[in-house]
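A.B. asks:
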Amino acid sequence: MPKAFSRRQFLGLATSSAAVVGLGLVGCGSSSSSSSGTASSGSGSSSFSKSSYIVATDTTFAPFEFTNDSNEFVGIDVDLLSAIASETGFKYDLQSLGFDAAVAALESGQADAVIAGMSITDERKKKYDFSDPYYDSYVCMAAKSDSDITDYNALSGKTVAAKTGTQGATCAESLKDQYGFSITYFDESSLMYQDVLTGNSVACFEDYPVMAYGISQGNGLKVVTEEKDDFSTPYGFAVMKDQNSDLLAAFNKGLASLKDSGKYDEIVNKYLNS
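Using the working numbering, the first residue of the sequence shown is number 896, and each one after it goes up by one.
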């Protein structure tokens, strides 16, 4: 996976200001919003500071969040949040905004939390409080299934693709000068994969569990390299620093309960062993 945020680094509130406005439109029922809908769970509790929390997430980061063939918004993050909310009693609205926009919404106070395969990093800890890790992930590089790209040395003078704001993008940026390649950025993983398939980019950088799931679904790519050391980071549920501590505590309590009961493994295996 199963990052962060794997997963991913926030590029700045200003770059996603329009998307944050979109979150406000969701609350007004605008059909032009990038959100794929909302979800609510839990029975509510007087022990929480809010009657309902806004949780922002990505649009497509399968198997953590995506829309399935039945037009249902599902995934590991989606199912874990629902199960944890049911376990601990908080209510929430899940807003599917895209990763950058989700973090921007959190920054602006229009969302209370983010669950989006977000990597827990030391830099991010300066701004956000994270839950206990709920999935360990690392970055990989993938190429077209019939490509002759076998390692970073084959990238000299070529272009690779990366998803904006992700650990994959950070990994690519750390390697580009050493191996002499350029980077094209995309907001969606599917667009990044398509760029590789059409030959505009020779490879792309992605979180391993996401890429492995995509390959199992026939995305036409193959894993070429894995970065298990420098770019191995766990995913966490994030809130702004020193805010919504009750929600964070409930998430941790629910996560521990799901792991003890076996429900956590059931949710993860539902997507990763399919």
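By construction, the Cβ of each residue, glycine as well, lies at the ideal position given by its N, Cα and C atoms.
Just so it is clear, the structure is predicted and the values come from calculations on it, not from any experiment.
In terms of residue numbering, what span does the alpha helix (DSSP H) encompassing SER1111 cover?
C.D. replies: Where SER1111 is concerned, the enclosing alpha helix (DSSP H) stretches over 1103-1111.
A.B. asks: Can you list, in chain order, the residues of its chain with a C-beta nearer than 8 Å to that of LEU1001? Leave out the 5 residues immediately preceding and following it.
C.D. replies: For LEU1001, where only same-chain residues beyond five positions count, the Cβ hits under 8 Å are ALA951, ASP1007, ALA1008, VAL1009, TYR1023, ALA1133, VAL1134, MET1135.
A.B. asks: Keeping to the same chain, check which residues put their C-beta closer than 7 Å to that of LYS1039; ignore five residues upstream and five downstream.
C.D. replies: Closer than 7 Å at the Cβ level, and outside the excluded window around LYS1039, lie VAL1091, LEU1092, GLY1115, LEU1116.
A.B. asks: Leaving out five residues before and five after LYS876 in sequence, what residues of the same chain have Cβ atoms less than 6 Å from its Cβ?
C.D. replies: Within the shown structure, residues of the chain are numbered from 896 to 1169, placing residue 876 beyond reach of any answer.
A.B. asks: Would DSSP call ILE949 helix, strand or coil?
C.D. replies: It is a strand residue.
A.B. asks: What first and last residue would you give for the alpha helix (DSSP H) that runs through PHE1081?
C.D. replies: That residue, PHE1081, is in no alpha helix (DSSP H); its beta strand (DSSP E) goes 1077-1081.
A.B. asks: In chain order, which continuous runs of the alpha helix (DSSP H) of length 4 or greater are located wholly inside the segment 984-1069?
C.D. replies: Runs of the alpha helix (DSSP H) inside the segment 984-1069: 994-1003, 1017-1020.
A.B. asks: What is the residue span of the alpha helix (DSSP H) that ASP1155 lies within?
C.D. replies: Unbroken alpha helix (DSSP H) run through ASP1155: 1140-1156.
A.B. asks: Compute the beta-carbon to beta-carbon distance between ASP1060 and PHE956, rounded to the nearest angstrom, for a pair I have assumed lies under 8 Å.
C.D. replies: Here residue 1060 turns out to be Gly, not Asp, going by the sequence shown. GLY1060 to PHE956, Cβ: 12 Å. No contact.
A.B. asks: Could you tell me if ASN1139 is buried or exposed, where buried requires 16 or more neighbouring beta carbons within 10 angstroms of its beta carbon?
C.D. replies: Buried is the call here.
A.B. asks: Considering Cα atoms alone, identify which of LYS1165, TYR1047, PRO1129 is closest to TYR1108.
C.D. replies: That would be LYS1165, whose Cα lies nearest to the Cα of TYR1108.
A.B. asks: The alpha helix (DSSP H) that contains ASP1124, what's its start and end?
C.D. replies: No alpha helix (DSSP H) holds ASP1124; the beta strand (DSSP E) holding it covers 1116-1130.
A.B. asks: State the Cα-Cα distance for the pair VAL1119 and MET1087, rounded to the nearest angstrom.
C.D. replies: Near 16 Å, if we compare the C-alpha coordinates of MET1087 and VAL1119.
A.B. asks: Is the segment 1013-1028 touching the segment 1045-1052, taking contact as three or more C-beta pairs under 8 Å?
C.D. replies: Short answer: they don't touch.
A.B. asks: Could you tell me the alpha carbon to alpha carbon distance between THR1128 and ALA1098, rounded to whole angstroms?
C.D. replies: Cα to Cα, THR1128 sits roughly 22 Å from ALA1098.
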